[in-house]
Amino acid sequence: MVKRLLGVLAALAVALPLSAGVTGVAFVHGTGRQTNAYADYWTTAMVDSVRQGLPDPSKFLVVNCDFTQYMWASGAAGCLAGQLYTFITTKGITDLVVITHSNGGNVMRWILSNPTYDWRYPTIISKIRWVNALAPSSLGTPLANAVMNGTVFEQSLGWLLGYQNDAVRMQQTDWMAYYNANWLLGTAGRPSLPKGFWDVVGTDVETAVWDPDSYCGGYSLNLGLEITQAWLSSCSDGFLDCTSQAGAGSVWFYDTQYTAGREPLSHNQSRRKCFGLDVILRNDL
Amino acid sequence: MTKTVAVPVLASVALFAAPFAPRAEAPRSLAPAAVVSAVPLAGSLERDPVVFSVPADGEPALSVPAPAVAESREFWRSVSAEELRAGTRFTTTAPGAVVRLSPVGPGGSAVDPALVVVETPKGDSLAGPAAFREVATADQLRRAGAPFPEGSTAFRLREEAGAGAFRLRVPSLEPGAGRYLLHVLDRDSLAVLSVRTLSDTVFYGEVLAAEGWLADAGEFRRVSFAEAQVASPDGSRFDAPVKPRPDGSLSITLPLEVPPAAAPGLWELHLRVRGEAAGQTVERTVHTAFAYVVPTARRSGPVSVVSKRGRVVLEAPVETAAAGRYALRALVLGRDGKGTAKPLALLETAAWLEEGRGTLRAEVPPATVQKSGLRGPFEVREVWLLDQSRLQVLEKP
Chain A
0 MVKRLLGVLA
10 ALAVALPLSA
20 GVTGVAFVHG
30 TGRQTNAYAD
40 YWTTAMVDSV
50 RQGLPDPSKF
60 LVVNCDFTQY
70 MWASGAAGCL
80 AGQLYTFITT
90 KGITDLVVIT
100 HSNGGNVMRW
110 ILSNPTYDWR
120 YPTIISKIRW
130 VNALAPSSLG
140 TPLANAVMNG
150 TVFEQSLGWL
160 LGYQNDAVRM
170 QQTDWMAYYN
180 ANWLLGTAGR
190 PSLPKGFWDV
200 VGTDVETAVW
210 DPDSYCGGYS
220 LNLGLEITQA
230 WLSSCSDGFL
240 DCTSQAGAGS
250 VWFYDTQYTA
260 GREPLSHNQS
270 RRKCFGLDVI
280 LRNDL
Chain B
0 MTKTVAVPVL
10 ASVALFAAPF
20 APRAEAPRSL
30 APAAVVSAVP
40 LAGSLERDPV
50 VFSVPADGEP
60 ALSVPAPAVA
70 ESREFWRSVS
80 AEELRAGTRF
90 TTTAPGAVVR
100 LSPVGPGGSA
110 VDPALVVVET
120 PKGDSLAGPA
130 AFREVATADQ
140 LRRAGAPFPE
150 GSTAFRLREE
160 AGAGAFRLRV
170 PSLEPGAGRY
180 LLHVLDRDSL
190 AVLSVRTLSD
200 TVFYGEVLAA
210 EGWLADAGEF
220 RRVSFAEAQV
230 ASPDGSRFDA
240 PVKPRPDGSL
250 SITLPLEVPP
260 AAAPGLWELH
270 LRVRGEAAGQ
280 TVERTVHTAF
290 AYVVPTARRS
300 GPVSVVSKRG
310 RVVLEAPVET
320 AAAGRYALRA
330 LVLGRDGKGT
340 AKPLALLETA
350 AWLEEGRGTL
360 RAEVPPATVQ
370 KSGLRGPFEV
380 REVWLLDQSR
390 LQVLEKP
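Residue numbers (numbering that gives the first Met the number 0), protein chains in the order written: chain A, 0 to 284; chain B, 0 to 396.
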């Protein structure tokens with residue numbers, strides 16, 4: 000796999016003092032407004048495990064932004080760019096691995112696809128080794144459509160009332176089709192992104208009460224999946240179809256190819272220390 | 000289920016009178032100042048010019064995929080509490096449909112699924128759990144990643160309940176309890192409503208053109224009722240006329256010379272139909288998104304490419320109707336030893352331009368030119384012009 004070869008080369012580069020860069024890792028959360036994503040979104044167990052793969056484990060960043068906004072907004076890509084740029088310049092990062100989850104992949108892809116939109120973007124892009132996109136919502140999700148449905152013909156449900164946040168609206172499949180065709184790179188038929196965008200695809204959800212694997216990441220988060228999966232295809236992580244997760248960049252792996260016990264990663268589990276995902280990401284640094 | 004697919008489907012029913020024909024897109028003229036000033040500055044207000052270039056070794060052109068086809072196996076409509084008390088009818092063509100009830104407006108209360116009565120096509124009257132395979136509250140749905148409105152209740156009908164004409168009753172609802180959104184996903188149905196716009200961009204003053212079709216197992220089905228609406232990002236709505244074609248498909252056209260939305264985002268075309276499928280009268284609703292673009296700028300001449308002593312410099316004259324940050328994207332090509340045009344670089348340049356006439360400039364890094372081994376004459380293709388301050392694609396191939 001090309002990525003693995005690049006990884007070996009990167010490791011060699013780290014091992015050679017004269018050519019050594021400063022490697023860092025940044026965690027970029029998904030939809031939502033985060034103030035302590037370290038503990039709340041990723042969990043400290045996940046972040047602290049992954050960053051052990053760094054030559055200097057202190058060179059990590061957990062991004063906290065408002066990803067309820069459109070991907071291009073100042074609170075989304077602007078905030079992300081600000082935190083990445085500060086991290087890069089203050090820590091002297093020359094080799095950055097970005098780990099995104101869900102809609103965080105879209106915000107990151109906005110930066111990679113629109114390099115002239117903000118003066119900080121070219122510097123950020125130049126320092127990125129690659130992006131590991133965990134369950135990215137690259138083609139949107141039918142669940143976002145379902146949530147938004149009914150808001151147009153029904154007079155009383157006004158969009159002006161803030162019925163849904165812009166990030167949910169943006170992740171409707173027809174909206175993402177437009178943005179992928181016009182503003183974002185890396186999907187089928189479009190030019191490649193300037194840096195690798197490697198997808199980790201969750202393929203299934205286990206919700207059996209008697210199966211302890213269902214509890215990794217929090218079982219209570221999985222209630223309701225039996226209903227929401229009706230909007231999704233047979234290959235999904237409970238929130239995104241596999242086709243959406245694999246829709247931009249290149250597929251790194253489908254969960255069961257590398258997870259412990261060949262366990263699938265639900266959408267909640269793909270940001271948690273579940274089934275060895277943290278070790279896979281750690282070994283990739 | 001509403002989902003978007005990337006390629007046209009229904010080859011067996013692709014009988015459109017007006018075949019899809021992508022066209023080069025650029026505004027014919029700039030919009031009036033009053034209209035331009037109404038477009039919100041929701042994007043970049045960056046003042047520093049930025050140029051970015053990546054080598055284009057074997058890179059595909061900056062192509063634009065055809066507008067996506069949106070498909071739906073679901074429908075939704077508003078019902079009053081009185082209608083729910085008396086019983087509201089809906090039809091499915093496959094067992095196991097998902098039904099959602101959401102209160103409309105503030106103060107609406109959730110429907111207790113235990114108090115729902117479902118009258119099945121077989122004539123059974125099933126109360127609550129006897130009718131449902133699964134039930135979820137709004138909180139459970141939100142935790143599963145689907146933030147339906149507060150007070151929503153969703154349930155999946157048991158397979159044994161069959162498919163066909165159902166009647167849903169909630170006898171315990173108080174009269175005057177407001178309105179509810181009834182949303183039905185006929186997940187395994189073969190009756191699919193599709194819609195696509197002929198272009199994903201409609202410029203101010205131009206016509207939105209779209210086509211829709213109801214199909215059952217890949218065969219066109221004529222509809223007995225159809226209506227369409229266009230919705231702007233700020234909630235404005237416009238009725239769009241729907242005309243049936245001889246082949247059974249639907250044509251939707253709407254001239255759009257309306258004010259720009261006060262909020263950023265895409266516009267949506269919603270299509271709702273009733274028609275016959277699987278021996279039933281089915282309802283379907285579908286939507287697709289497009290950009291309504293106010294021409295704030297245009298190229299006032301061709302992009303010039305000057306090559307001198309290993310440097311390749313582009314200049315694009317631009318006429319703007321309002322100050323903003325504008326960007327030019329292009330594929331730069333050079334000639335190989337045989338004189339064949341080969342991609343050299345994807346180039347993007349952006350700068351703040353004041354109202355009037357300006358120029359966007361960019362240079363291909365000399366190292367890129369040298370490494371490519373390509374020589375002149377150089378040319379550009381696949382030119383894009385973007386208004387980054389207003390998130391508008393003004394020109395694309």
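Don't be surprised by glycine CBs; every beta carbon is placed ideally from N, CA and C.
Interface residue (Cβ-Cβ distance to chain B less than 8 Å): residue 123 (chain A) is not classified as such. A check of alpha carbon separations from residue 100 (chain A) across A:171, A:224 and A:25 identifies A:25 as the nearest. One alpha carbon belongs to residue 202 (chain B), the other to residue 129 (chain A), and they sit about 37 Å apart.
Between residue 151 (chain B) and the set B:164, B:135, B:166 and B:160, the nearest pair of CA atoms involves B:135. When Cβ pairs closer than 8 Å are counted between the two stretches, the region 330-340 of chain B is seen not to touch the region 35-46 of chain B, the count staying below three. Looking at the backbone, the Cα of residue 53 (chain B) and that of residue 313 (chain B) are separated by about 15 Å. Interface criterion met: the Cβ of residue 387 (chain B) is under 8 Å from a Cβ in chain A. Per the DSSP secondary-structure output, residue 166 (chain B) pairs in a beta bridge with B:88 and B:118. Distance from the Cα of residue 100 (chain B) is smallest, within the candidate group B:43, B:168 and B:51, for B:168. With its beta carbon at least 8 Å from every one in chain B, residue 44 (chain A) lies outside the interface. In this structure residue 395 (chain B) is buried. Its beta-carbon is surrounded by 16 or more other beta-carbon atoms within 10 angstroms. When DSSP states are grouped into helix, strand and coil, residue 238 (chain A) belongs to the coil group.
A straight line joining the alpha-carbon of residue 280 (chain A) with that of residue 268 (chain A) spans about 14 Å.
The Cβ neighbour count for residue 186 (chain A), taken over all protein chains shown within 10 Å, is at least 16; the residue is labelled buried. Proximity of chain B to residue 146 (chain A) at the Cβ level (cut-off 8 Å) is accounted for by 145, 146 and 147, in chain order. Put simply, of A:251, A:66, A:277 and A:231 the residue whose alpha carbon is nearest the alpha carbon of residue 172 (chain A) is A:231. Contact between residue 198 (chain A) and residue 249 (chain A) holds: their C-beta atoms lie close to 7 Å from each other, under 8 Å. Residues of chain A whose Cβ lies closer than 9 Å to the Cβ of residue 329 (chain B) do not exist, since the nearest Cβ in that chain is about 12 Å away. The region 57-77 of chain A and the region 26-43 of chain A touch, with three or more beta-carbon pairs separated by less than 8 Å. Proximity of the region 42-49 of chain B to the region 382-390 of chain B meets the contact definition, three or more beta-carbon pairs being nearer than 8 Å. Here residue 370 (chain B) carries a helix assignment [DSSP, helix/strand/coil]. No Cβ-Cβ contact shorter than 8 Å links residue 252 (chain B) with residue 243 (chain B). Here residue 189 (chain B) is actually not in contact with residue 211 (chain B); their C-beta atoms are around 17 Å apart, not less than 8 Å. Cβ neighbours of residue 46 (chain A) within its own chain (closer than 8 Å, five residues either side excluded): 26, 37, 59 and 61. Residue pairing for residue 105 (chain A): DSSP places it in no beta bridge. For residue 88 (chain B), not one C-beta of chain A is nearer than 8 Å to its own C-beta. Secondary structure in the region 114-144 of chain A: the alpha helix (DSSP H) runs of 4 residues or longer, each lying completely within the stretch, are 120-126 in chain order.
Collapsing the DSSP output to three states places residue 98 (chain A) in a strand. Cβ-Cβ distances below 8 Å link residue 228 (chain A) to 204, 235 and 237 in the same chain, with the five nearest sequence neighbours on each side left out; the list follows chain order.
Measuring C-alpha to C-alpha distances from residue 104 (chain A) to each of A:144, A:125, A:76 and A:119 identifies A:76 as the nearest. Secondary structure note for residue 126 (chain B): its beta strand (DSSP E) is the uninterrupted segment 124-126. Every beta strand (DSSP E) of 3 residues or more that sits fully in the region 218-277 of chain B is shown, in chain order, as 218-220, 222-230, 236-239, 241-243, 249-255 and 266-276.
Apart from sequence neighbours up to five positions away, the residues of its chain that approach residue 309 (chain B) with a beta-carbon distance below 7 Å are 365, 368 and 369, ordered along the chain.
Burial check for residue 282 (chain A): the Cβ neighbour count within 10 Å stays below 16, so the residue is exposed.
The three-state secondary structure of residue 210 (chain B), taken from DSSP, is strand. Here residue 143 (chain B) is actually not in contact with residue 93 (chain B); their C-beta atoms are around 23 Å apart, not less than 8 Å.
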